[in-house]
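**Student:**
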Amino acid sequence: AVGKAVYESILVEPQFCLPFLNTMLGKFNTLEDLKNYDPDYYSSLVKLLAMSPSDITSTGLTFEVNLNNEQEAVELVPGGSNKAVTKDNVIEYAHLISHRLLNVQ
Numbered sequence: 059a060v061g062k063a064v065y066e067s068i069l070v071e072p073q074f075c076l077p078f079l080n081t082m083l084g085k086f087n088t089l090e091d092l093k094n095y096d097p098d099y100y101s102s103l104v105k106l107l108a109m110s111p112s113d114i115t116s117t118g119l120t121f122e123v124n125l126n127n128e129q130e131a132v133e134l135v136p137g138g139s140n141k142a143v144t145k146d147n148v149i150e151y152a153h154l155i156s157h158r159l160l161n162v163q
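Take the sequence shown: its position 57, counting from 1, is numbered 115 in the working numbering, and each next residue is one higher.
1. Quick one: residues in its chain with C-beta nearer than 7 Å to the C-beta of N124, no 5 flanking neighbours on either side, listed in chain order?
2. Looking at F86 and N161, is the spacing between their C-beta atoms short of 7 Å?
3. Whole angstroms are fine: how far does the CA of K105 sit from the CA of S112?
4. In the DSSP assignment, the alpha helix (DSSP H) including L134 goes from what residue to what residue?
5. Okay, do the stretch 68-79 and the stretch 136-150 touch, 3+ Cβ pairs below 8 Å being the bar?
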């Protein structure tokens, strides 16, 4: 629809999601941009950031992720399948997840 409007020189005022606009402008999206793209995923990561050290450890998360229909887990860092998420690195984990969702995928 937008392409046809451009072709026919019709002015339209589409409202695009902020992460999409950032991508189009060559900017990197951050964890905060995730709330506009996927509010549920953002909420889950924020809850994870607020957990106690023992609660984070008990989740059993590692620095790998399966997003959408990927058949195999993708490591967020080299050796990520063997790197446990802890209170000390949970911020790095949240940023890597959002980077993978918004800038890589």
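Where a beta carbon is used, it is the ideal one built from N, C-alpha and C, also for glycine.
**Tutor:** On the basis of the coordinates in this document:
1. Here residue 124 refers to the residue found at position 66 of the sequence shown. Within the same chain, N124 has close Cβ partners A131.
2. For the purposes of this step, residue 161 is taken as the residue at position 103 of the sequence shown. For the purposes of this step, residue 86 is taken as the residue at position 28 of the sequence shown. Contact: yes.
3. Here residue 112 is taken as the residue at index 54 of the sequence shown, counted from 1. Here residue 105 is taken as the residue at index 47 of the sequence shown, counted from 1. Cα-Cα distance, rounded: 14 Å.
4. To locate residue 134, count along the sequence shown from 1; it is residue 76. Premise fails: L134 is in no alpha helix (DSSP H) and is neither H nor E.
5. no
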